[in-house]
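In my numbering, the protein residues as written are 529 to 939.
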Amino acid sequence: MRSSTLRLAWRNLGRNRKRTGLALAAIGLGQFALLAMSGITRGYTDAMLETITGPMVGHVQIHAPGWRDEQSLELSVTALAARLDALRENPGVARASARIYAPALVAVTRDAQAAIVLGIDPEAESGPKGLLATAPEGARPGEYRVLVGRALAQSLGVTPGSELAVVGQGKDGSIANDLYTVAGVLPSAIDLVNRQGVLMSLEDAQQLFVMPDEASEIILHAARPEAARELAGGVAARPAFAGLEVLPWQDVVPELVAILELADVSSYIVLIFVFVAAAAGVANTMMMATFERLHEFGMLLALGATPGRIMRLIVAEAALLGLLGVALGTLLGAGFVAATQGSGLNLAALGGEAAAEATWQGMAIPIHIFPRLAATDVLVGVAAVAVTSLLAALWPAWHAARLEPMEAMRA
Numbered sequence: 529m530r531s532s533t534l535r536l537a538w539r540n541l542g543r544n545r546k547r548t549g550l551a552l553a554a555i556g557l558g559q560f561a562l563l564a565m566s567g568i569t570r571g572y573t574d575a576m577l578e579t580i581t582g583p584m585v586g587h588v589q590i591h592a593p594g595w596r597d598e599q600s601l602e603l604s605v606t607a608l609a610a611r612l613d614a615l616r617e618n619p620g621v622a623r624a625s626a627r628i629y630a631p632a633l634v635a636v637t638r639d640a641q642a643a644i645v646l647g648i649d650p651e652a653e654s655g656p657k658g659l660l661a662t663a664p665e666g667a668r669p670g671e672y673r674v675l676v677g678r679a680l681a682q683s684l685g686v687t688p689g690s691e692l693a694v695v696g697q698g699k700d701g702s703i704a705n706d707l708y709t710v711a712g713v714l715p716s717a718i719d720l721v722n723r724q725g726v727l728m729s730l731e732d733a734q735q736l737f738v739m740p741d742e743a744s745e746i747i748l749h750a751a752r753p754e755a756a757r758e759l760a761g762g763v764a765a766r767p768a769f770a771g772l773e774v775l776p777w778q779d780v781v782p783e784l785v786a787i788l789e790l791a792d793v794s795s796y797i798v799l800i801f802v803f804v805a806a807a808a809g810v811a812n813t814m815m816m817a818t819f820e821r822l823h824e825f826g827m828l829l830a831l832g833a834t835p836g837r838i839m840r841l842i843v844a845e846a847a848l849l850g851l852l853g854v855a856l857g858t859l860l861g862a863g864f865v866a867a868t869q870g871s872g873l874n875l876a877a878l879g880g881e882a883a884a885e886a887t888w889q890g891m892a893i894p895i896h897i898f899p900r901l902a903a904t905d906v907l908v909g910v911a912a913v914a915v916t917s918l919l920a921a922l923w924p925a926w927h928a929a930r931l932e933p934m935e936a937m938r939a
């Protein structure tokens with residue numbers, strides 16, 4: 529019985545191929561739009577998250593209470609070496625690095641400029657997600673050698689080999705000053721580093737600002753970025769970190785969380801479009817097909833077909849129409865994502881110069897993204913079309929099942 533119903537449903541869809549084709553196109557377009565938008569959105573959020581949490585924010589930050597508001601050298605993380613050793617033994621931590629941030633004046637001649645000294649661990653920051661990922665080959669801070677952000681270097685007129693005077697204030701209130709050799713000029717997408725950054729080794733910064741075994745913060749990169757909140761909770765619960773502020777990136781940059789949630793909302797908007805397209809396509813097709821075949825339904829009822837059989841036939845047609853449309857859209861959408869996943873999409877080509885120069889909180893917004901799909905993206909579209917197709921077919925099916933055979937045959 530089921531096979532005969534499906535065969536009849538398949539045959540009936542071919543009666544008016546133009547109308548069926550339009551319905552398939554509407555459903556397929558909706559599914560394609562959903563998958564393409566989901567792929568681009570996931571790729572963009574991946575790139576955005578990587579840009580924000582990668583070199584600067586990290587997945588978890590550890591500070592003294594109040595440091596994020598005042599950023600004072602007096603509010604430092606002490607017993608640094610022991611705490612770093614404990615963190616590096618944690619299997620959930622992929623990388624732990626300490627940093628010192630301190631305002632200073634820097635000069636090559638008599639004219640000084642304001643800068644931010646960043647004391648960093650060169651080894652930890654040289655990876656693909658570190659502050660030194662874009663450093664020139666062989667240019668490393670350490671032993672009174674520093675890297676200077678590109679914009680600051682241009683403003684000061686320094687080049688590799690130049691001598692740079694750094695003057696600031698130590699944690700104990702003393703005057704902090706020394707001469708350093710510029711090891712290289714650092715291009716960076718981070719505005720703070722690019723325009724004001726003077727990067728020196730953590731040891732040099734500790735000596736300059738009188739902060740032995742101390743740092744402004746500890747940055748953690750999680751082995752599983754999605755588990756950042758759990759990692760922060762586990763670290764905060766350890767006695768060695770009592771009295772310190774341990775925050776996952778979601779609490780450090782809540783604005784980014786809002787952006788990611790907004791991206792999800794855009795996917796839901798497209799999903800509504802899929803619902804509407806599927807409902808319109810199926811409802812129109814089934815309504816027209818039902819009224820065109822009143823005579824046929826009357827004959828079937830007169831020959832003994834039950835109202836339930838008529839309803840099943842119409843619902844089967846709607847289900848086939850929806851599944852064919854969503855299959856077409858899935859092939860197109862998945863094909864689009866697969867075609868762009870390797871080389872990526874350059875948003876600057878779509879948004880022009882404004883897109884290429886866009887920044888968020890001093891960091892360049894990624895303009896080259898790699899679309900990505902999850903299985904749930906496909907399943908949500910399939911489920912949406914399946915449910916919508918069935919709902920759109922219920923009224924025509926109910927109407928056909930309630931026909932009086934003689935009246936229907938005279939129609």
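Every residue, glycine too, gets a C-beta built ideally from N, C-alpha and C.
Just so it is clear, the structure is predicted and the values come from calculations on it, not from any experiment.
Whole-angstrom distance between residue j and residue i, CA atom to CA atom
i    : j    : result
A920 : A846 : 8 Å
A902 : V585 : 26 Å
L856 : P664 : 48 Å
A911 : I747 : 42 Å
D905 : L562 : 8 Å
T916 : F803 : 6 Å
E617 : V780 : 24 Å
V913 : I800 : 11 Å
G647 : Q559 : 50 Å
L720 : V865 : 35 Å
M529 : R535 : Residue confidence for M529 is low, a pLDDT of 46 falling below 50, so the modelled location carries little weight; the figure read from the coordinates is stated next. M529 and R535: Cα-Cα distance of roughly 10 Å.
E578 : A607 : 30 Å
A652 : L730 : 11 Å
V686 : R638 : 14 Å
Reduced DSSP category for residue i - H, G, I as helix; E, B as strand; rest coil
i    : result
A902 : coil
P753 : helix
Y796 : helix
T548 : helix
E671 : coil
N618 : coil
A632 : strand
M739 : coil
G725 : strand
Q499 : Residue 499 is absent from the structure shown; the chain starts at 529 and stops at 939.
A833 : coil
I746 : strand
S625 : strand
I895 : coil
Q559 : helix
L601 : coil
H927 : helix
Residue from the options whose Cα sits closest to the Cα of residue i
i    : options                : result
V634 : L759, I703, G696       : G696
A667 : A642, V865, V710       : V710
A733 : L849, T579, A632       : A632
M565 : L859, V798, N618       : V798
A553 : T868, Q869, V854       : V854
A614 : L828, F769, M816       : F769
G872 : R535, P767, D574       : D574
R840 : A592, E651, H927       : H927
A690 : F898, Q778, L772, V636 : For clarity, residue 690 is Ser in the given sequence; the question names Ala instead. Checked all of F898, Q778, L772, V636; the closest Cα to S690 is V636.
A479 : P650, G620, G698, N874 : Given that the chain is displayed from residue 529 to residue 939, the structure contains no residue 479 and the question cannot be resolved.
G670 : E598, R723, G712, G771 : G712
E773 : D597, R547, L550, I568 : D597
A717 : H749, V763, A661, S702 : A661
Cβ distance (whole Å) where residue i is taken to contact residue j below 8 Å
i    : j    : result
L675 : L727 : 4 Å
A786 : R627 : With a Cβ gap of about 26 Å, A786 and R627 do not count as contacting.
L680 : A643 : 6 Å
E789 : I590 : Between I590 and E789 the Cβ distance is about 26 Å, and since that is not below 8 Å, they are no contact.
L848 : W538 : 6 Å
D700 : V738 : 5 Å
A760 : L775 : 6 Å
P583 : K657 : 6 Å
I842 : M816 : Rounded, the Cβ-Cβ distance is 12 Å, inconsistent with contact.
P715 : R678 : 5 Å
For the region 641-711, list the alpha helix (DSSP H) runs that are entirely contained and at least 4 residues long, ordered along the chain. Look at the region 641-711 and you find these whole runs of alpha helix (DSSP H), each 4 residues long or longer: 678-684.
Which whole runs of the beta strand (DSSP E) in the region 755-782 are 3 residues long or more, in chain order? For secondary structure counted as the beta strand (DSSP E) over 3 or more consecutive residues, the region 755-782 holds these complete runs in sequence order: 773-776.
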